[in-house]
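Q: In the working numbering, the protein residues as written are 16 to 419.
Think of the CB as a built atom: it goes at the ideal place given N, C-alpha and C, for glycine as much as any other residue.
My questions will all concern the structure given below.
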Ligand code: NAD
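Next comes the structure, spelled out in structure tokens:
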């Protein structure tokens with residue numbers, strides 16, 4: 016994974032015209048914290064879990080990035096994710112470097128009390144690393160506002176003061192921000208509105224893969240805007256209605272039955288079919304590597320909004336570019352989440368809390384400015400990914416030059 020990052024940096028660094036020493040600095044993480052968390056389980060047995068926190072680069076500000084609880088977590092994976100946070104935070108121009116954390120654990124096997132002990136142990140292990148001006152964690156895969164609340168409580172106990180800006184993605188009553196729950200979808204929506212204007216597409220037809228936080232909120236925003244959402248899916252499969260799905264009904268079906276596939280009146284399709292439907296806008300919002308060399312020729316969408324991280328393989332990406340498809344890259348498309356995390360941190364630090372409309376207005380401005388900046392850095396609309404990477408590397412490079 017690190018070889019990929021180094022190859023990426025050599026290529027983007029060259030096209031961004033940055034010095035070799037900057038590429039060298041960015042090829043390695045600044046700091047890697049490792050620990051073994053030892054937890055007493057409810058039945059009295061003791062278990063250990065490997066845990067990591069990586070501060071990849073802090074030239075532009077404190078490290079920022081989520082903590083994931085997942086069995087596949089490794090030091091290498093967390094490091095790569097921390098690198099991508101450095102890039103994402105620079106693309107949307109928030110004053111942060113990049114970080115990430117993780118614990119190798121299957122949280123579904125833990126009771127609520129065990130999960131609380133693990134969350135608190137994580138903070139105790141890395142308390143030195145964290146702080147409102149040092150490194151600010153947030154939720155990621157299988158971590159949520161409750162876990163952020165336990166982590167905040169543990170941190171404040173250790174430092175013997177209140178410091179709500181130590182972590183974001185908190186419950187509202189502990190200093191969380193309004194709009195954080197839908198921020199990723201809304202940020203993507205604001206960007207894609209601009210993209211559609213640029214490609215002269217009004218009221219697109221839409222297919223969305225994944226119906227979790229990002230996908231389902233995007234579906235609601237799209238249908239509220241009067242766009243026809245003709246297909247959605249989750250891990251159990253997809254549904255398709257060329258006349259448009261009733262999204263409120265799909266949301267109810269998902270909530271009541273656990274899957275969108277139980278929605279009545281639509282044709283059942285597979286996740287693979289969904290990706291190749293004849294739609295204007297395709298939104299992968301589930302997992303990585305779903306648009307590949309194998310299916311990319313069949314993709315008919317004119318615009319792809321990458322709400323998921325890494326849904327398109329590099330090979331498929333090259334083919335999409337040749338086909339003239341406009342791909343809004345993940346580092347821009349799903350940066351609304353970390354942007355509202357930044358707003359949460361600002362509110363915690365000033366003690367002044369913003370109304371919903373104010374958060375939305377600020378998010379819209381940030382995302383639209385980021386899109387404009389990326390576009391200016393891109394040769395054309397089919398090369399937004401290259402533009403976003405170049406922009407980010409240039410921004411990090413500039414901060415590094417002032418420091419050395
Ligand atoms: P989530 O867990 O809330 O939802 C994931 C959805 O994907 C679920 O509907 C699940 O059923 C579906 N899914 C899982 N495996 C699938 C498969 N093989 N095929 C089709 N669907 C499948 O997750 P989320 O928070 O919505 O995140 C989705 C993606 O967006 C991830 O790549 C995540 O990294 C990215 N992302 C999310 C946020 C955020 O704030 N939520 C921020 C940045 C990036």
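Under 8 Å, with one C-beta from each stretch per pair, do the segment 238-255 and the segment 281-294 reach the 3-pair mark?
A: Taking a contact to require three or more Cβ pairs closer than 8 Å, the segment 238-255 and the segment 281-294 qualify as touching.
Q: My output table needs one value for residue 145: the three-state DSSP class, helix, strand or coil.
A: Looking up residue 145 in the chain shown gives position 130. Looking at residue 145 - three-state DSSP - the assignment turns out to be coil, as it is neither helix nor strand.
Q: Does ligand 1 have a heavy atom nearer than 8 Å to the CB of residue 326?
A: Position 311 of the chain shown holds residue 326. Correct: residue 326 has its Cβ closer than 8 Å to ligand 1.
Q: Does the distance from the CB of residue 246 to the CB of residue 260 come in under 9 Å?
A: Walking along the chain shown from the start, residue 246 turns up at place 231. Walking along the chain shown from the start, residue 260 turns up at place 245. In contact: residue 246 and residue 260 (Cβ atoms closer than 9 Å).
Q: Return the bridge partner residues of residue 64 from the DSSP annotation.
A: Residue mapping note: residue 64 aligns to position 49 of the chain shown, counting from 1. Paired residues: 52.
Q: Taking 8 Å as the threshold, find out whether the segment 199-206 comes into contact with the segment 342-349 through three or more Cβ pairs.
A: yes
Q: Given a threshold of 16 other Cβ atoms within 10 Å of its Cβ, counted over all protein chains shown, does residue 72 qualify as buried or as exposed?
A: On the chain shown, residue 72 is found 57 positions in, with the first residue counted as 1. Answer is buried; the Cβ neighbour count reaches 16.
Q: Could you check the C-alpha separation between residue 22 and residue 91 for me, to the nearest Å?
A: To locate residue 22, count along the chain shown from 1; it is residue 7. To locate residue 91, count along the chain shown from 1; it is residue 76. If I take the Cα positions, the gap works out to 16 Å.
Q: Any heavy atom of ligand 1 within a distance shorter than 8 Å of the CB on residue 352?
A: In the chain shown, counting from the first residue as 1, residue 352 sits at position 337. Indeed, a heavy atom of ligand 1 lies less than 8 Å from the Cβ.
Q: Which residues bound the alpha helix (DSSP H) around residue 351?
A: Mapped onto the chain shown, residue 351 falls at position 336. Element bounds for residue 351: 351-365.
Q: Quick check on the DSSP output: the beta strand (DSSP E) that includes residue 243 runs from which residue to which?
A: The count along the chain shown starts at 1 and reaches residue 243 at position 228. Where residue 243 is concerned, the enclosing beta strand (DSSP E) stretches over 243-249.
Q: What do you get for residue 49, buried or exposed, if any count of 16 or more other CB atoms within 10 angstroms of its CB means buried?
A: Position 34 of the chain shown, counting from 1, holds the residue named residue 49. Per the 10 Å Cβ criterion, exposed.
Q: Give me the Cβ distance between residue 112 and residue 70, rounded to the nearest whole Å; I'm assuming they're in contact under 8 Å.
A: Locating residue 112 in the chain shown gives position 97, counting from the first residue. Locating residue 70 in the chain shown gives position 55, counting from the first residue. With 8 Å as the limit, residue 112 and residue 70 qualify as a contact, their Cβ atoms being about 7 Å apart.
Q: Please report the straight-line C-alpha distance between residue 230 and residue 262, rounded to a whole angstrom.
A: The residue given as residue 230 occupies position 215 in the chain shown. The residue given as residue 262 occupies position 247 in the chain shown. Spanning the two alpha carbons is a distance of roughly 11 Å.
Q: Any contact of the segment 216-223 with the segment 174-187, i.e. 3+ C-beta pairs under 8 Å?
A: The answer is no - the segment 174-187 does not touch the segment 216-223, with fewer than three Cβ pairs under 8 Å.
Q: In whole angstroms, give me the CA-to-CA distance for residue 119 and residue 129.
A: Stepping through the chain shown from its first residue, residue 119 is reached at position 104. Stepping through the chain shown from its first residue, residue 129 is reached at position 114. Near 14 Å, if we compare the C-alpha coordinates of residue 129 and residue 119.
Q: May I ask which residues mark the beginning and end of the beta strand (DSSP E) holding residue 84?
A: In the chain shown, counting from the first residue as 1, residue 84 sits at position 69. Element bounds for residue 84: 82-84.
Q: Whole angstroms are fine: how far does the CA of residue 97 sit from the CA of residue 75?
A: For the purposes of this step, residue 75 is taken as the residue at position 60 of the chain shown. For the purposes of this step, residue 97 is taken as the residue at position 82 of the chain shown. Their Cα atoms are separated by approximately 14 Å.
Q: Answer yes or no: do residue 428 and residue 34 have a C-beta to C-beta separation smaller than 9 Å?
A: Since the first residue of the chain shown is 16 and the last is 419, residue 428 is not available in this structure.
Q: Between residue 298 and residue 226, how many whole angstroms is the CB-CB distance? I'm expecting something under 8 Å.
A: Within the chain shown, numbered from 1, the residue matching residue 298 stands at position 283. Within the chain shown, numbered from 1, the residue matching residue 226 stands at position 211. That belief does not hold up - the Cβ atoms of residue 298 and residue 226 are roughly 11 Å apart, past 8 Å.
Q: With contact counted as at least three CB pairs below 8 Å, one residue from each stretch, are the segment 358-369 and the segment 303-323 in contact?
A: With the cut-off at 8 Å, the segment 358-369 and the segment 303-323 do not touch.
Q: Take the Cβ of residue 110 as the centre, count every other Cβ of all protein chains shown within 10 Å, and call the residue buried at 16 or more, exposed below.
A: Mapped onto the chain shown, residue 110 falls at position 95. Classification of residue 110: exposed, given that the 10 Å Cβ count is below 16.
Q: Can residue 2 be considered in contact with ligand 1, in the sense that its beta carbon sits closer than 8 Å to one or more heavy atoms?
A: Missing from the structure shown is residue 2; the chain here goes from 16 to 419 and no further.
Q: Cβ of residue 180 versus every heavy atom of ligand 1: is any distance shorter than 8 Å?
A: In the chain shown, residue 180 corresponds to position 165, counting from 1. No, Cβ of residue 180 sits at least 8 Å from all heavy atoms of ligand 1.
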